[in-house]
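Let me begin by presenting the structure, written as structure tokens, before commenting on it.
Set out below in structure tokens:
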């Protein structure tokens with residue numbers, strides 16, 4: 001018996017006003033977004049979230065890459081990042097926060113196992 005995933009759905013509501021790469025028509029593919037490992041994808045809003053004290057980030061990642069990089073997070077148009085989830089070259093996930101000083105949380109296990 002094999003498990004199957006339903007096709008991806010758009011969120012019920014979103015303030016995103018632009019996305020890159022552009023979303024495609026619904027598909028039966030199990031991939032919500034497939035990137036080549038060199039391109040980046042962004043979603044942006046003209047609305048400010050203000051001073052976020054409570055927040056959530058959600059993403060799905062499947063990779064075997066040993067290249068480090070950002071996965072998801074918040075940034076402004078001058079390159080300041082906060083609440084940034086990254087993966088290092090060994091596959092550990094790192095969450096970077098800036099509550100007045102930089103804080104980094106790191107997973108003990110690695111997640112670049114292709115699952």
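In full-length UniProt numbering, the protein residues as written are 1 to 115. For each residue, glycine too, the CB sits at the ideal point set by N, CA and C. Predicted model, so just to flag it, every value in this text is computed and none were measured.
Residue environment: residue 112 is assigned as buried (16 or more neighbouring CB atoms within 10 Å of its CB, all protein chains considered). Between the alpha carbons of residue 104 and residue 96 lies a distance of about 4 Å. Assigned with DSSP and collapsed to three states, residue 74 falls in strand.
Annotated three-state conformation of residue 109 is coil, per DSSP. Per DSSP, reduced to three states, the secondary structure at residue 81 is strand. Residue pairing of residue 64 in beta bridges, as defined by DSSP: absent, with no partner found. A straight line joining the alpha-carbon of residue 98 with that of residue 80 spans about 10 Å. Collapsing the DSSP output to three states places residue 95 in a strand. In the DSSP assignment, residue 69 forms a beta bridge with 87. In chain order, 83 place their CB closer than 7 Å to the CB of residue 55, counting only its own chain and leaving out the 5 sequence neighbours on each side. If the five residues before and after residue 69 are omitted, its C-beta is found closer than 7 Å to the C-beta atoms of 86, 87, all from its own chain and listed in chain order.
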